[in-house]
Amino acid sequence: MIFTDDTEETLRAAVWLVNSAEDPDALLSPSDEADFLSGYGYTGRIDRDQPEVDALRALRPQLRTMLLAPRDEMAVAVNEALAGVSLALRLTRHGAMDWHLHAVADDRPLAERVLVETAMALIDVIRAEEGSRISVCADETCDAIALDLSRNRSKRYCSTTCANRNAVAAYRARRAEA
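Structure (structure tokens):
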């Protein structure tokens, strides 16, 4: 494990949200939001309505900028995200998650909590100088984000679809040369 469980989970959720903007858009309705929430353990206020979905959709460009920023710019973006909210730090545990830090009250809007939790996770990324673990997919036709939480830093693609497409292309190129 590179980071704590809650940091890794938050990074995965933020990457999912950002990548949901890729074609076809995977976050259009409360049903899509339910799919997102079933995969990521957000607790607290969840309205499950279109305005909440719209707020999450509006957050995606900011999350993308934060996730892909160079280290010093990432720190600036994190500070800006945290400055815009009223923090209410506390240790909590829920579900399968052991003690971890929540930074805003549970009754705050989901998009605000996602932004702050992502900022908190990026603090760990910044402090550990591990920003290279977040990059744009190595597939030239894809703009999605790839999150590499492997020990050997070997993940270059956002999904198995992109990895397989590139493996097949490389195989075909080798066969054509032979």
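Residue numbering for the sequence shown is 51 to 228, as defined by the numbering used here. Think of the CB as a built atom: it goes at the ideal place given N, C-alpha and C, for glycine as much as any other residue.
| Query | Result |
| --- | --- |
| Alpha helix (DSSP H) segment containing residue 185, residue limits | Where residue 185 is concerned, there is no enclosing alpha helix (DSSP H), although the beta strand (DSSP E) it sits in stretches over 184-186. |
| Residue 233 in three-state terms, based on DSSP | In the structure displayed, the chain extends from 51 to 228; residue 233 sits before or after that span and is not available. |
| Segment contact, 8 Å Cβ cut-off, at least three pairs: the segment 54-73 with the segment 138-151 | yes |
| Pairwise C-alpha distance: residue 216 and residue 222 | 10 Å |
| Nearest-angstrom Cα separation, counted from residue 219 out to residue 112 | 33 Å |
| 8 Å Cβ cutoff met for residue 184 and residue 132 | no |
| Residue 203 vs residue 196 beta-carbon contact at 8 Å | no |
| Three-state secondary structure assigned by DSSP to residue 211 | helix |
| First through last residue of the alpha helix (DSSP H) which encompasses residue 61 | 55-69 |
| Selected residue, minimal CA-CA separation from residue 126, among 201, 80 and 176 | 176 |
| C-alpha gap between residue 137 and residue 170, whole angstroms | 11 Å |
| The segment 66-73 touching the segment 188-195, judged by at least three CB pairs closer than 8 Å | yes |
| Spatial neighbours of residue 93 in its chain, beta-carbon cut-off 6 Å, leaving aside the 5 residues before and after | 144 |
| Buried versus exposed call for residue 63 [16 or more other C-beta atoms within 10 Å across all chains shown] | buried |
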